[in-house]
Amino acid sequence: MLKKIFLPYGLLMIILALAFVLRLYKIDNPLADHHSWRQADTAAVARNFVKEGFDFLHPRIDNMAPLVLTDAANEERLFLVEPPLYQTIVAGFYHLWGVQEKWARLVSILFYLGAIVFLFLLVKKLADKWTALVAAFLMAVLPYGIFYGRVIMPEPEMLFASGGMLFFLTVWLERQGKGLFALTAVFTVWALLLKTFPLFLILPVFYLVYRRYGWRFFKEYRLWLLVFLAILPLILWRLWISQFPEGIPGYEWLLNQGNIRFRPAFFRWIFAERIGKLILGYWGLPLLVLGLILRPGKKEGWFFHLWLLAFLAYVTVFAAGNVTHDYYQVPFLPIACVFLAKGVIFLIKTPRPYFSKVMSFLLLAVCSLLMIGFSWFEVRGFYLIQGGVDLAGRAVDELAPKEALVLTGDSNDATLLYNTNRWGWTGGYASYFPNNQETVERVMAMGGDIYVTTKFEENSDFGQYMLNNYPVLKRTDQYLIFSLERQ
Numbered sequence: 001m002l003k004k005i006f007l008p009y010g011l012l013m014i015i016l017a018l019a020f021v022l023r024l025y026k027i028d029n030p031l032a033d034h035h036s037w038r039q040a041d042t043a044a045v046a047r048n049f050v051k052e053g054f055d056f057l058h059p060r061i062d063n064m065a066p067l068v069l070t071d072a073a074n075e076e077r078l079f080l081v082e083p084p085l086y087q088t089i090v091a092g093f094y095h096l097w098g099v100q101e102k103w104a105r106l107v108s109i110l111f112y113l114g115a116i117v118f119l120f121l122l123v124k125k126l127a128d129k130w131t132a133l134v135a136a137f138l139m140a141v142l143p144y145g146i147f148y149g150r151v152i153m154p155e156p157e158m159l160f161a162s163g164g165m166l167f168f169l170t171v172w173l174e175r176q177g178k179g180l181f182a183l184t185a186v187f188t189v190w191a192l193l194l195k196t197f198p199l200f201l202i203l204p205v206f207y208l209v210y211r212r213y214g215w216r217f218f219k220e221y222r223l224w225l226l227v228f229l230a231i232l233p234l235i236l237w238r239l240w241i242s243q244f245p246e247g248i249p250g251y252e253w254l255l256n257q258g259n260i261r262f263r264p265a266f267f268r269w270i271f272a273e274r275i276g277k278l279i280l281g282y283w284g285l286p287l288l289v290l291g292l293i294l295r296p297g298k299k300e301g302w303f304f305h306l307w308l309l310a311f312l313a314y315v316t317v318f319a320a321g322n323v324t325h326d327y328y329q330v331p332f333l334p335i336a337c338v339f340l341a342k343g344v345i346f347l348i349k350t351p352r353p354y355f356s357k358v359m360s361f362l363l364l365a366v367c368s369l370l371m372i373g374f375s376w377f378e379v380r381g382f383y384l385i386q387g388g389v390d391l392a393g394r395a396v397d398e399l400a401p402k403e404a405l406v407l408t409g410d411s412n413d414a415t416l417l418y419n420t421n422r423w424g425w426t427g428g429y430a431s432y433f434p435n436n437q438e439t440v441e442r443v444m445a446m447g448g449d450i451y452v453t454t455k456f457e458e459n460s461d462f463g464q465y466m467l468n469n470y471p472v473l474k475r476t477d478q479y480l481i482f483s484l485e486r487q
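With the working numbering, letter number 227 in the sequence shown gets 227, and the count goes up by one each step, no holes.
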């Protein structure tokens, strides 16, 4: 009896411990690594909950520049995307142990570990314990998942909530019960509030419901109650934020900017560069294909295939977003690990009359090691810090008064502004405040005190204007800080 319990759950605990340790890699890094522009806004909301007081309905970043390149001023620094559930938890950690990015990353790690647990439980219930353990192990060790399992973003929380939604729905449909219904409702609401991807999971969800009730599901009032409870908070949140359009980043471009959908570049970026190379390291593809073509078990049916189809539908709808940002493929991780695990189990249990056991194990070892190796080769650069951004931010934090307002000159990226620990405006390349005399004078009129950049061109017209008119507070080979007081 004890052996039956330890085998799956004891091994799961070992996998979780491994997953936790792997994600501690560079947990103390300054917030200036891959996709720091998105992480900076998320982290700023949590930090401002501490600095300004908790205000769930008015999450604020550090940036007063318009969130879209229009004249919609955002002087209140509102940042209204998903409800700040993640930032609320992070702010709680900050109150206990101080504002340090490692605590925000720890929250993400804990959510990711929870997502592994839900994946294990779901696969164990619908397939078998060994497939579940392998899927959990792969989700723990895939390099793409290691990095995105500790970023300061809502993605790990989304994996956790959507995994809980699918697991508790599966259990509730089987056993019924008010407690299970409540858990299903809570996780469904949670998942839908975080990101758009869980909406696409209607495909596997409907499959589960149809298998349980057939067309009688129309008469099941509890299902309609679940739908109502799930959608109502999302509608209320959208109605609320619609009152503050200046705090909503542009999103229309995510659908099909440049008519990228189904063009050759779309397939190359999604299936070759991201799924094939970045996530699966080329050599994971044979295992994935093996898992896909295996006949599904009676209990799971086509559930996992429809989960994968939901991801493909999401990629198709948000074509430009998926081509542009590699973190948009985070929802692929759990279902990819399921089919990879199926491929692994097939090679381990290959029937002797048809396959060589030795060659099967050799192929499994080669595919697994090269998959992780080549994927890590791509992901390792994600941990690198943008040159001088952390140093420039720290210098401003040391030199400038706490109430000083800062104009950055690198780009529309908020990373540098976040690292200064000040409010202000992002300026420079592709921003509402380009590097020119007019920008500086406008910002000064709005109360700007400091200009900082890591990309200063001394011989440009703007560079000469700054050097001739404003005192330099600090200059190194990596950054330059000006006081916006005419000398």
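C-beta atoms are modelled at their ideal positions from N, C-alpha and C, and glycine is treated no differently.
Would DSSP call residue i helix, strand or coil?
| i | result |
| --- | --- |
| V443 | helix |
| N435 | coil |
| Y210 | helix |
| Y451 | strand |
| K298 | coil |
| S502 | The question about residue 502 has no answer, for the chain in this structure spans 1 to 487. |
| V68 | coil |
| L308 | helix |
| V21 | helix |
| V99 | coil |
| R475 | strand |
| V151 | coil |
| V330 | coil |
| A73 | coil |
| D128 | coil |
| P143 | helix |
| D461 | helix |
| R469 | Looking at the sequence shown, residue 469 is not Arg but Asn. Note: N469 maps to helix in three-state DSSP. |
| K349 | coil |
| Y282 | coil |
| P156 | helix |
Hey, residue i and residue j: beta-carbon distance below 8 Å or not?
| i | j | result |
| --- | --- | --- |
| L57 | W224 | no |
| L340 | G297 | no |
| P233 | L193 | yes |
| V81 | P249 | yes |
| A395 | K474 | yes |
| R422 | L407 | no |
| S162 | A191 | yes |
| I335 | L308 | yes |
| R105 | R38 | no |
| A310 | L201 | yes |
| R23 | I146 | yes |
| V389 | T415 | yes |
| L285 | S375 | no |
Under 7 Å Cβ to Cβ from residue i, same chain only, skipping five residues before and after it: list those, please.
| i | result |
| --- | --- |
| F168 | L180, L183, T184 and F187 |
| L287 | L340, G343, V344 and C367 |
| V315 | I270 and N322 |
| E378 | K277 and L278 |
| N436 | F462 |
| D33 | F382, Y383, L384 and I385 |
In the DSSP output, which residue or residues are listed as bridge partners for residue i?
| i | result |
| --- | --- |
| Y429 | S411 |
| N63 | G424 |
| L78 | R60 |
| K219 | Paired residues: none, contrary to the question. |
| V406 | G424 and I450 |
If residue i and residue j are in contact, beta carbons under 8 Å, what's the gap, nearest whole angstrom?
| i | j | result |
| --- | --- | --- |
| G114 | F160 | 4 Å |
| Y479 | V452 | 7 Å |
| A488 | V189 | Beyond the ends of the chain as shown, which are 1 and 487, falls residue 488; an answer cannot be given. |
| N63 | R47 | Going by Cβ atoms, the distance from N63 to R47 rounds to 13 Å, so no, they are not a contact pair. |
| Y327 | Y148 | 6 Å |
| F79 | P59 | 5 Å |
| A40 | Y429 | The pair is not a contact, with the Cβ atoms about 16 Å apart (cut-off 8 Å). |
| F266 | A313 | In fact, because the Cβ distance is near 14 Å, the residues do not count as touching under 8 Å. |
| Q87 | V45 | 4 Å |
| L16 | E300 | Not a contact, Cβ separation roughly 24 Å. |
| A43 | I152 | 5 Å |
Excluding the 5 residues preceding and the 5 following residue i in the sequence, name in chain order all residues of the same chain whose CB lies nearer than 6 Å to its CB.
| i | result |
| --- | --- |
| E101 | L31 |
| Q329 | R274 |
| P83 | L193 and W237 |
| F111 | P156, E157 and F160 |
| V171 | L180 |
Go through its chain and collect everything with a Cβ distance to residue i's Cβ below 8 Å, but skip five positions before and after it.
| i | result |
| --- | --- |
| L119 | A132, A135, A136, M139, G163, P334, C337 and V338 |
| E457 | G463 |
| L7 | K129 |
| N256 | A319 and A320 |
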